[in-house]
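For any residue, its number in the working numbering is found by taking its place in the sequence shown, counting from 1, and adding 29.
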Amino acid sequence: MILKTSEGKDIFLKFEKKFLFISFFTFFTLQLVFIAIINDYSYKEYKYFIKDDIKKQLEICSYKLNCQNVKTSFINKQKTKIKPFTLVEKHNELYMLFGFNYLKKYYLKLSIDKKYYEQKLSKLKKNILKKFFIELVIIFILSIIFSLFLFIPLKEAYKINEIFIKDILHDFNTPLSTLKLNLYLLKKEIGENKRIEKLNQNINMLLNYQKNLKTFLNNNPNQKETFNIKNIIDEKLKFYSINYPTIKFKNEANLIINTNKNSFESIIENLISNAFKYNKKNGSIHIYIKNNILYIQDTGIGIKNPSKVFNRFYKENERGIGIGMHIVKKLADELKIDIKISSEINKGTTISLNLKHLTNH
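Set out below in structure tokens:
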């Protein structure tokens, strides 16, 4: 959401870490696979060159017959299936067979100790690994730069979104205030009217939603004051009962707490609103305190998955957009209120708010 709030910062930081990790991992892995294939190809190619070099040495030795580190012997032609001029690798030597016209029954065998070959291979491996690790460091640095570079436009888009939301919240004030003023003037002109009262109620609900969102976005939980929760609860019950006249309610919650009033009011606002909104016709709401725990109990339709209620955008019906309870949870966490939900389908829901950290001891 907005960068100034702890919620916005948390979401952005999580997104930032996730994006940077995924982009880094993707780029780094692709480059790693690429250089691994290239180095493997280089190793095989140089290995072939080493063997080819040994082959040429033995071919030259076949004319000199007196070469350093080369052993000379003869093999009966009938006892081998190996073709002449083929380099053969065995467990302790590399050798080639050579045929000459003056040797009718035998091949000339020239061999070289395999340790000579293995030393060259070992040196090749060291060079390839050294080159590989240098390339690894380079692609590691490039992957970090690439990830940060990709993140720049997303960060800018995030800031634009921040400004956009602030502007929308600000722009809501003018039309809503104008509507409220006109309803007030209309009420003075024609007197009490149920339809005017309902319109006024809906405008107040929009203003409350705006207030809740502002509280969520710009809240400072360190600004505390002492107040009785009964007054807030009574006010919200009265407010929502206008639209739900068939629902009975009872408030037995009477507790003085010290916390951020705006945040706490937003929590109560959402919970009582849901208790009315998702209740049954002729249902009831009972609010009470027990051991510094506030209980909001309704006889509503219930919740299928209470554990998912606090997830962003989770909803079980067409109403709303699924952020109300998410906001409640975030505000409750900021105020150090432990919130729990128990619910049964078609029987109702009970929400508990542990206020022990907010009471004056």
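We put the CB at the ideal spot given by N, CA and C, even for glycine.
- In the DSSP assignment, what are the bridge partners of ILE51? The residue you call residue 51 lines up with position 22 of the sequence shown. Answer is none; ILE51 lacks a bridge partner.
- Item | Identity of the residues DSSP links to HIS315 by a beta bridge | The count along the sequence shown starts at 1 and reaches residue 315 at position 286. Its beta-bridge partners are LYS279, GLN326.
- Paired residues, beta bridge with LEU116 - DSSP: Indexing the sequence shown from 1 puts residue 116 at position 87. According to DSSP, LEU116 bridges with nothing at all.
- Message: By DSSP's criteria, VAL99 is part of a beta bridge. Which residues make up the other side?
- Response: Here residue 99 is taken as the residue at index 70 of the sequence shown, counted from 1. Bridge partners of VAL99: ILE141.
- Among LYS337, LYS359, ILE332, PHE48, the one whose alpha carbon lies nearest that of PHE178: Counting from one through the sequence shown, the residue named residue 178 turns up at place 149. Looking only at LYS337, LYS359, ILE332, PHE48, the smallest Cα-Cα distance to PHE178 is reached by PHE48.
- Task: With DSSP as the reference, label ASN375 as helix, strand or coil.
- Result: What you label residue 375 is simply residue 346 of the sequence shown in a count that begins at 1. Coil at ASN375, not helix or strand.
- Item | Beta-ladder partner(s) of ILE380, from DSSP | If you number the sequence shown from 1, residue 380 lands on position 351. When DSSP reads this structure, ILE380 sits in a beta bridge with ILE325, ILE370.
- Use the C-beta contact count for THR388: other C-beta atoms within 10 angstroms, 16 or more gives buried, fewer gives exposed. Here residue 388 is taken as the residue at index 359 of the sequence shown, counted from 1. THR388 is exposed by the Cβ-count criterion.
- Determine, using beta-carbon pairs with one atom in the stretch 315–326 and one in the stretch 335–345, whether at least three such pairs fall under 8 Å. The stretch 315–326 vs the stretch 335–345: no contact.
- Query: Where does the unbroken beta strand (DSSP E) through ILE262 begin, and where does it stop?
  - Reply: Within the sequence shown, residue 262 is the residue found at index 233, counting from 1. If you look at ILE262, you'll find it isn't in any beta strand (DSSP E); it sits in the alpha helix (DSSP H) that goes 258–270.
- Query: Got a sec, what are the start and stop residues for the beta strand (DSSP E) GLU221 sits in?
  - Reply: The count along the sequence shown starts at 1 and reaches residue 221 at position 192. Run containing GLU221: none; DSSP gives neither H nor E here.
- Roughly how many angstroms separate the alpha carbons of PHE103 and LYS119, rounded to a whole number? If you number the sequence shown from 1, residue 103 lands on position 74. If you number the sequence shown from 1, residue 119 lands on position 90. Rounded to whole angstroms, the gap between the alpha carbons of PHE103 and LYS119 is 17 Å.
- Whose CA, out of LYS333, TYR273, LYS154, LYS80, lies closest to the CA of GLU122? Taking the sequence shown and counting its residues from 1, the one referred to as residue 122 is at position 93. Cα-wise, what sits closest to GLU122 is LYS80.
- Task: Given a cut-off of 8 Å, decide if PHE305 and LYS352 are closer than it, judged by their beta-carbon atoms.
- Result: Position 323 of the sequence shown holds residue 352. Position 276 of the sequence shown holds residue 305. Per the sequence shown, residue 352 should be read as Ile rather than Lys. Not closer than 8 Å, so no.
- Query: DSSP state of THR207, grouped into three classes?
  - Reply: Translated into positions along the sequence shown, residue 207 becomes position 178. Assigned with DSSP and collapsed to three states, THR207 falls in helix.
- Looking at C-alpha atoms only, which residue of LYS290, LEU61, LYS100, PRO113 is the closest neighbour of LEU364? Within the sequence shown, residue 364 is the residue found at index 335, counting from 1. For the options LYS290, LEU61, LYS100, PRO113, the alpha carbon positioned closest to that of LEU364 is the one of LYS290.
- Query: Beta carbon of ILE64, beta carbon of ILE168: below 8 Å?
  - Reply: Here residue 64 refers to the residue found at position 35 when the sequence shown is read from its first residue. Here residue 168 refers to the residue found at position 139 when the sequence shown is read from its first residue. At the C-beta level, ILE64 and ILE168 come within 8 Å of one another.
- Message: Within 10 Å of its beta-carbon, does LEU300 have 16 or more other beta-carbons around it, so buried, or fewer, so exposed?
- Response: Against the sequence shown, residue 300 aligns to sequence position 271. That one is buried.
- Query: Can you tell which of GLY329, GLY128, SER292, TYR124 has its C-alpha closest to the C-alpha of LYS144?
  - Reply: Taking the first residue of the sequence shown as position 1, residue 144 is located at position 115. The shortest C-alpha separation from LYS144 is found at TYR124.
- Where LEU158 falls: helix, strand or coil (DSSP): For the purposes of this step, residue 158 is taken as the residue at position 129 of the sequence shown. LEU158 falls in the helix class under three-state DSSP.
- Determine the direct distance from the alpha carbon of ALA361 to that of LYS253, and round the result to whole angstroms. As a position in the sequence shown, residue 253 is number 224, starting the count at 1. As a position in the sequence shown, residue 361 is number 332, starting the count at 1. If I take the Cα positions, the gap works out to 14 Å.
- Expressed to the nearest angstrom, what Euclidean distance is found between the alpha-carbon atoms of HIS315 and GLU281? Counting from one through the sequence shown, the residue named residue 315 turns up at place 286. Counting from one through the sequence shown, the residue named residue 281 turns up at place 252. HIS315 and GLU281 have their C-alpha atoms roughly 8 Å apart.
- Message: Just to confirm my understanding: we take ILE173, look at its own chain, exclude 5 residues before and 5 after, and list those with CB closer than 7 Å. What are they?
- Response: On the sequence shown, position 144 is the one that residue 173 refers to. The beta carbon of ILE173 lies closer than 7 Å to those of PHE53 in the same chain, with the five residues before and after it left out.
- Message: Going by DSSP, what residue range makes up the alpha helix (DSSP H) through ASN287?
- Response: Counted from its first residue, the sequence shown places residue 287 at position 258. Membership of ASN287 in any alpha helix (DSSP H) is not indicated; the residue belongs instead to the beta strand (DSSP E) covering 285–288.
- As assigned by DSSP and simplified to three states, the class of THR388: If you number the sequence shown from 1, residue 388 lands on position 359. In the three-state reduction of the DSSP assignment, THR388 falls in the strand class.
- Message: Bridge partners for THR255 per DSSP, in chain order?
- Response: In the sequence shown, counting from the first residue as 1, residue 255 sits at position 226. Partner(s): ASN287.
- Query: Residues in its own chain within less than 8 Å of LYS376 by CB, not counting five upstream and five downstream?
  - Reply: The residue labelled residue 376 in the question sits at position 347 within the sequence shown. The answer, listed in chain order, is THR328, GLY331.
- Under three-state DSSP, which class holds ILE192? Taking the sequence shown and counting its residues from 1, one reaches residue 192 at position 163. Assigned with DSSP and collapsed to three states, ILE192 falls in helix.
- Query: Does the count of Cβ pairs from the stretch 133–143 and the stretch 85–105 closer than 8 Å reach three?
  - Reply: Yes: the two stretches touch, three or more of their Cβ pairs being nearer than 8 Å.
- Which of helix, strand or coil does DSSP assign to TYR70? Position 41 of the sequence shown, counted from the start, is the residue given in the question as residue 70. Residue state, collapsed to three classes: helix.
- Straight-line CA distance for LYS134 to LYS160? To locate residue 134, count along the sequence shown from 1; it is residue 105. To locate residue 160, count along the sequence shown from 1; it is residue 131. As the crow flies, the alpha-carbon of LYS134 is around 50 Å from that of LYS160.
- Could you have a look at TYR135 and say whether DSSP puts it in helix, strand or coil? Here residue 135 refers to the residue found at position 106 of the sequence shown. DSSP places TYR135 within a strand segment (E or B) once states are collapsed to three.
- According to DSSP, is PHE56 helix, strand or coil? Working through the sequence shown from its first residue, we reach residue 56 at position 27. Residue state, collapsed to three classes: helix.
- Message: At the level of alpha carbons, what is the spacing between MET30 and VAL357?
- Response: Stepping through the sequence shown from its first residue, residue 30 is reached at position 1. Stepping through the sequence shown from its first residue, residue 357 is reached at position 328. Confidence at MET30 is low in this model, with a pLDDT of 34, below 50, so its placement is unreliable and the value that follows should be read with caution. Distance between the alpha carbons of MET30 and VAL357: 15 Å.
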